[in-house]
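Below is one structure, written out as structure tokens, with a few remarks after it.
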Amino acid sequence: MILGKIGLVMCTKSVYTFCHSAYYPDMESTSTSTIAQSLTRAIVEHRLLPGTKLAEQKLADHFGVSRTLVRQALFQLSQNHLVTLEPARGAFVSTPSVTEARQVFAVRKMLEAQMTRSFVETVTPKQIKVLREHVRQEAAAVHRADVTERTELLGDFHVRMAELMGNDVLAQLLGDLISRCALITLMYQSASAAAHSHEEHEEIVQALARKDAEGAVQLMIAHLEHVEQGLQFEREIPSNDLSMALSSITL
Numbered sequence: 085m086i087l088g089k090i091g092l093v094m095c096t097k098s099v100y101t102f103c104h105s106a107y108y109p110d111m112e113s114t115s116t117s118t119i120a121q122s123l124t125r126a127i128v129e130h131r132l133l134p135g136t137k138l139a140e141q142k143l144a145d146h147f148g149v150s151r152t153l154v155r156q157a158l159f160q161l162s163q164n165h166l167v168t169l170e171p172a173r174g175a176f177v178s179t180p181s182v183t184e185a186r187q188v189f190a191v192r193k194m195l196e197a198q199m200t201r202s203f204v205e206t207v208t209p210k211q212i213k214v215l216r217e218h219v220r221q222e223a224a225a226v227h228r229a230d231v232t233e234r235t236e237l238l239g240d241f242h243v244r245m246a247e248l249m250g251n252d253v254l255a256q257l258l259g260d261l262i263s264r265c266a267l268i269t270l271m272y273q274s275a276s277a278a279a280h281s282h283e284e285h286e287e288i289v290q291a292l293a294r295k296d297a298e299g300a301v302q303l304m305i306a307h308l309e310h311v312e313q314g315l316q317f318e319r320e321i322p323s324n325d326l327s328m329a330l331s332s333i334t335l
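Count the sequence shown with this note's numbering and you get residues 85 to 335, in order.
Shown next, in the form of structure tokens:
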């Protein structure tokens with residue numbers, strides 16, 4: 085997710101898992117990265133909502149660390165556009181604008197269309213099996229109405245394709261974009277969109293299995309367009325209290 089200074093370990097939990105930073109001693113880096121990972125997960129899973137003020141002292145007390153470590157973690161998240169740092173006001177969970185939402189989806193369509201085309205050329209039966217299992221897990225999460233698991237799996241489907249291609253840079257770029265999309269969908273997405281996304285993932289995997297390059301590319305573009313079209317930009321933005329949100333966040 086965060087490029088350069090932090091980086092990501094791209095695995096099944098790819099949208100959430102941070103590498104150790106080379107800019108801090110080992111113990112301090114571990115604490116900073118762990119705090120950043122916990123907050124990232126809370127934001128992406130919609131437990132910390134856009135606009136929530138992230139008070140350093142409250143976070144330090146909750147995690148049992150110094151404000152310095154919290155400040156470093158918040159700075160890391162600001163580099164990934166998940167947190168906005170405002171002079172004299174502090175840190176807030178970012179509130180993406182409509183313009184930013186449009187731009188993020190425009191970049192994703194360009195990036196993922198080419199990714200899909202390239203993947204068709206090299207995809208193996210074993211990789212198709214991995215994607216089918218991922219889609220099966222999506223279906224189960226959608227059926228259970230498990231918002232946390234569903235959000236994670238729907239985003240990770242796209243990163244998983246890049247991982248299977250063996251392209252770590254692409255996986256990192258997608259991880260960054262998808263983490264930003266999590267905020268956008270939280271703010272603007274309609275309730276029925278998740279089930280549609282899962283169904284479209286199934287169709288994409290079927291096209292990949294047939295090695296239908298044009299079909300898979302068109303399905304991917306259409307999928308991202310459908311997600312974007314399902315955004316309700318007039319929707320009122322929810323809010324929540326940091327103390328209440330922290331009750332569900334652990335290191």
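By construction, the Cβ of each residue, glycine as well, lies at the ideal position given by its N, Cα and C atoms.
Query                                                                                                      : Result
Residue-chain proximity (L238, chain B), Cβ-Cβ < 8 Å                                                       : The structure shown contains no chain B; it is built from a single protein chain.
C-beta atoms of P134 and T179 nearer than 8 Å                                                              : yes
Touch test, the segment 202 to 210 against the segment 154 to 163, Cβ-Cβ under 8 Å, three pairs minimum    : no
Beta bridge counterpart(s) of K142 as assigned by DSSP                                                     : In the DSSP output, where bridge partners are listed per residue, K142 has none listed.
Whole alpha helix (DSSP H) elements within the segment 121 to 209, 4-residue minimum                       : 140 to 147, 151 to 163 and 182 to 206
Assigned exposure category for S181 - 16 Cβ within 10 Å defines buried                                     : exposed
Nearest to Q350 (by Cα), restricted to the options R186, I119, A185 and A126                               : Any question about residue 350 goes unanswered here, given that the chain covers just 85 to 335.
Same chain, Cβ closer than 6 Å to S281, neighbours up to 5 away in sequence not counted                    : L238
Bounding residues of the alpha helix (DSSP H) (the contiguous stretch that carries L303)                   : A297 to Q313
Neighbour-count burial assignment, S115, 16 or more Cβ in a 10 Å radius                                    : buried
R125 to E233 span [Cα, whole Å]                                                                            : 11 Å
Within 8 Å, strictly: CB atoms of V188 and I268                                                            : yes
T200, buried or exposed, once every other Cβ within 10 Å from all chains shown has been counted against 16 : buried
Assigned secondary structure, F241 (DSSP; H/G/I helix, E/B strand, else coil)                              : helix
As assigned by DSSP and simplified to three states, the class of R234                                      : helix
M304 burial status per 10 Å Cβ neighbour count (16 or more: buried)                                        : buried
Identity of the residue in R228, L254 and M271 nearest A197 by Cα                                          : L254
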